[in-house]
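Listed in order, the protein sequences are those of chains V and W. Heads up: the first sequence is residues 0 to 283, going by numbering that gives the first Met the number 0. Heads up: the second sequence is residues 0 to 306, going by numbering that gives the first Met the number 0. C-beta atoms are modelled at their ideal positions from N, C-alpha and C, and glycine is treated no differently. For reference, the structure is listed below as structure tokens.
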Amino acid sequence: MIRLLHIEWIKLWNNRWSKLLLFGYLFLLTSIALIAAIRFDIGPVKFHLADQGIFNFPYIWHFNTFIAAWMKLFLAIIIVSMTANEYSYKTIKQNLIDGLSHADFLKTKVYMVLALALASTLLIALMSGILGGVFSDYTTPSLVFQDISFLAAYFVKLVTFFSFCLFAGVLVKRSAFALGFIVIWQIFEGILTGLLYWKAFKNDTAIVAAETAEQITSFFPLVSMYSLIKQPFTRLNGIQTVAKQVGETFENAYQTTAMEYIVALFWAGLFIWGTHQLLKRRDL
Amino acid sequence: MTHSDPPILLSVHQLNKRYGKRQAVHPITFDIKKGFVYGLLGPNGSGKSTTLGMVLQVVNPTSGSFTWFQGQCTPNQALKKVGAIIERPNFYPYLSAYKNLEIVCLIKGVPLKAIDDKLELVGLLGRKHDSFDKYSLGMKQRLAIASALLNDPEVLILDEPTNGLDPEGIHQIRGIIKKVAALGTTIVLASHLLDEVEKVCDRVLVLQEGHMIFEGSVTELLQEQQTVYLESPQNQALTTWIHKNSAVAHHVPEGMGYLIQFNEEIPTDQINKELAENGIYLSVLQKHKTSLEDRFLAMTDKNKTHD
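What follows is the structure, encoded as structure tokens:
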């Protein structure tokens, strides 16, 4: 395993663009901490974002993983291009001729996916821990660790998305087109979701229809990844207060359910399996 | 020469490949034995690269089988004992020569100290930290050879190693191949450059349109037929004689006379005598050393008319 990771590491670390994207990602991820510095002092109005409770335990786990997940696109570009380049440089052919098996080649890529997802998760854990430690109003251990499962959801979310990227890279073989494929897939899922809601509304009352459509779309790959970490904003005290004032309550369940994990992991497995099939069956 | 047969390193049995409707390689069977330099000949598109691709596991065979090292190790382990370059050098363009070879070492399980040795052998040691995309084609090809030699392979497979190179590059590559062959490494050299094969190979396999049309030693191939150049003032009579003579396999007009290939070895004095008896007096009688090129063209030509 170390040997295969080492191979992938040489390919990745010595690539100028990959390195640039990695540092860019690192910078953006740590810049979440800069939110703490946001403050408006306009005369009597003093607004300090860090005081609004976004860095409170256990909420911070939810907030940070949700925000950080958007930046996974940087790592996704690295994964797609590192995979597709193996085809455009024909180095996959040479790797196989040199005696790397199809399975081992796949493993180098999967290990890269796991390593990047793990590194990102650890970084976000460390950052949330520090930010929480500095700004949180509550520091009782039971509260600190209450929602730490969001880290697991974050990890699974990254692994699933990166597996999708891996599959796209191998399937399409050209990095730009593979990224295009991912975008098109996103649009495709969007259209399908829209159609489902529209169809359901024709037959049912609004609430039932939305529930049915939601149940079906939760099995879509990208939706399944997205729903691992639900939006955290309606959980904020400030927003809850505002909502109450206008007579609205949010009853969202924020936790990730077992079913959501299973669906996402199923897709991750399917993408990796599909990648292996492509590798095995294709003539180079 | 020992009396026992040299061990078989690669055994191919009825291996074939079909791409959709096109049969790229018809079932072929051959063995690669230790210590020989094999030439795999054939025009472009004759199935050379597909055949090599199959035994190197980058092309899935339609059917048939092959065994490396008499089945003593798994196919992937076997490839770690083989060195191969296919068509053109495939490396990571942004990596230095050294880093590229480091990846190969990790794949093959070879200690890193082999890198400098092989780079020196191909004359690239001084530029080992330059990135691959800054290399000229000749240097890229030499790097590919260094890469294929990293593990001191039992079999070295080279597919068109001099393709696209300038004369100096070709000369360098040939020198390296000869050096490696002298060490006793078994080599399979695929090429459509016939003099290249003639210069370095002991045995040849000839492919045409996916069929194997010849397998044997180079001397066998060249001796099979003998070429003689004949010129006579009685040109008309000579032409008639050639046409009705069953020993003539092939003839082409050349200059004032004919270049003739006989089916069997006939001494030149015998030819002279027979023609004189027929009232044809020769002004020129010249034995031609058959080049592999003549032989190859005759062979592929003959096969085409049979199809």
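Would you mind reading off the limits of the beta strand (DSSP E) that contains L118/W?
Taking the first residue of the second sequence as position 1, residue 118/W is located at position 119. It is not in any beta strand (DSSP E) - L118/W instead sits in the alpha helix (DSSP H) that spans A113 to L120.
Endpoints, the alpha helix (DSSP H) within which I7/W is located
Taking the first residue of the second sequence as 1, we reach residue 7/W at position 8. Unbroken run through I7/W is the beta strand (DSSP E), I7 to Y18; no alpha helix (DSSP H).
Chain V residues whose Cβ lies nearer than 7 Å to that of K107/W
Along the second sequence, read from residue 1 onward, the residue named residue 107/W stands at position 108. By Cβ distance, chain V contributes D97 and G98.
Let me see if you follow: with CB-CB separation under 7 Å, is I114/W close to chain V or not?
Here residue 114/W corresponds to residue number 115 of the second sequence, with the count starting at 1. By this cut-off, I114/W is not an interface position.
Coarse secondary structure for H191/W, derived from DSSP in three states
Taking the first residue of the second sequence as position 1, residue 191/W is located at position 192. Looking at H191/W - three-state DSSP - the assignment turns out to be coil, as it is neither helix nor strand.
Using Cβ-Cβ distances below 7 Å, what residues of the segment 83–94 of chain V are close to chain W?
Y88, K89, T90, K92, Q93 and N94
Which of helix, strand or coil DSSP assigns to S130/W
Translated into positions along the second sequence, residue 130/W becomes position 131. The answer is strand: DSSP assigns S130/W an E or B state.
To the nearest whole angstrom, what separates the beta carbons of I84/W and L100/W, a pair I think is in contact under 8 Å?
As a position in the second sequence, residue 84/W is number 85, starting the count at 1. As a position in the second sequence, residue 100/W is number 101, starting the count at 1. Actually they do not touch by this definition, with Cβ atoms about 13 Å apart.
Looking at I31/W and L9/W, is the spacing between their C-beta atoms short of 7 Å?
Your numbering for residue 9/W matches position 10 in the second sequence. Your numbering for residue 31/W matches position 32 in the second sequence. In this structure, I31/W lies closer than 7 Å to L9/W by Cβ.
Please state if the CB of F68/W and the CB of V54/W are separated by a distance shorter than 7 Å.
Here residue 54/W corresponds to residue number 55 of the second sequence, with the count starting at 1. Here residue 68/W corresponds to residue number 69 of the second sequence, with the count starting at 1. Going by C-beta atoms, V54/W is not nearer than 7 Å to F68/W.
Three-state secondary structure (DSSP) of K45/V
Here residue 45/V is taken as the residue at index 46 of the first sequence, counted from 1. The answer is strand: DSSP assigns K45/V an E or B state.
On the CB-based measure, 16 or more other CB atoms within 10 Å of its CB, does V241/V come out buried or exposed?
Position 242 of the first sequence, counted from the first residue, corresponds to residue 241/V. Classification for V241/V: exposed.
Run down chain V in chain order and give the residues with a C-beta less than 9 Å from the C-beta of V58/W.
If you number the second sequence from 1, residue 58/W lands on position 59. Simply D282 and L283.
Return the chain-ordered list of same chain residues with a C-beta closer than 8 Å to the C-beta of I215/V, the five sequence neighbours on each side being excluded.
Here residue 215/V refers to the residue found at position 216 of the first sequence. Closer than 8 Å at the Cβ level, and outside the excluded window around I215/V, lie L195.
Which runs of the alpha helix (DSSP H), 4 residues or longer, sit entirely within the segment 192–276 of chain W?
193–199, 217–222, 234–243 and 267–276
Are the Cβ atoms of P57/V and L142/V separated by less than 7 Å?
Residue numbering aside, residue 57/V sits at position 58 when the first sequence is read from its first letter. Residue numbering aside, residue 142/V sits at position 143 when the first sequence is read from its first letter. The answer is yes: Cβ separation under 7 Å.
L291/W and L193/W closer than 7 Å at C-beta
Here the question's residue 291/W lines up with position 292 in the second sequence. Here the question's residue 193/W lines up with position 194 in the second sequence. In this structure, L193/W lies closer than 7 Å to L291/W by Cβ.
Can you name the residues that DSSP bridges to L155/W?
The residue you call residue 155/W lines up with position 156 of the second sequence. According to DSSP, L155/W bridges with G82/W and I186/W.
Rounded to the nearest angstrom, what separates V251/W and L258/W at their Cα positions?
Position 252 of the second sequence, counting from 1, holds the residue named residue 251/W. Position 259 of the second sequence, counting from 1, holds the residue named residue 258/W. The alpha-carbon atoms of V251/W and L258/W are separated by roughly 5 Å.
Please report the residue range of the alpha helix (DSSP H) in which V109/V lies.
If you number the first sequence from 1, residue 109/V lands on position 110. H101 to F134 is the extent of the alpha helix (DSSP H) around V109/V.
Taking three-plus beta-carbon pairs below 8 Å as touching, is the segment 115–130 of chain V in contact with the segment 150–162 of chain V?
yes
Burial state of L19/V, where buried means 16 or more other Cβ atoms lie within 10 Å:
The residue given as residue 19/V occupies position 20 in the first sequence. Exposed, by the Cβ-count rule.
Tell me which residues share the same chain as T274/V and place their Cβ nearer than 7 Å to its Cβ, disregarding the 5 neighbours each side in the sequence.
Taking the first residue of the first sequence as position 1, residue 274/V is located at position 275. So the qualifying residues of the chain are L105, L165, F166 and V169.
Within its chain, find whatever has a CB closer than 7 Å to the CB of K71/V; leave out the 5 residues flanking it on each side and keep chain order.
In the first sequence, counting from the first residue as 1, residue 71/V sits at position 72. So the list reads L157 and F160, once near-sequence residues are dropped.
What are the boundary residues of the alpha helix (DSSP H) that P42/W is part of?
In the second sequence, residue 42/W corresponds to position 43, counting from 1. Element bounds for P42/W: n/a, residue is neither H nor E.
Determine which residues of the segment 67–92 of chain W have a Cβ less than 9 Å from any Cβ of chain V, and write them out in chain order.
T73, P74, N75, Q76, A77, L78, K79, K80, V81, G82, A83, I84, I85, E86, R87, P88, N89, F90, Y91 and P92
Under 8 Å Cβ-Cβ, which residues of chain W neighbour K10/V?
In the first sequence, residue 10/V corresponds to position 11, counting from 1. By Cβ distance, chain W contributes Y91, L94 and I102.
Return the CA-CA distance between T226/W and V154/W, expressed in angstroms with no decimal places.
Taking the first residue of the second sequence as position 1, residue 226/W is located at position 227. Taking the first residue of the second sequence as position 1, residue 154/W is located at position 155. Each residue's alpha carbon lies about 35 Å from the other.
Exposure label - R202/W; buried when at least 16 CB within 10 Å
Working through the second sequence from its first residue, we reach residue 202/W at position 203. Buried, by the Cβ-count rule.
CB contact below 7 Å: I6/V versus chain W:
Counting from 1 along the first sequence, the entry for residue 6/V is found at position 7. Yes - at least one Cβ of chain W is within 7 Å of the one on I6/V.
Contacting residues, own chain, Cβ-Cβ under 8 Å from C104/W (five flanking each side not counted)
Walking along the second sequence from the start, residue 104/W turns up at place 105. For C104/W, where only same-chain residues beyond five positions count, the Cβ hits under 8 Å are P110, L111, A113, I114 and L149.
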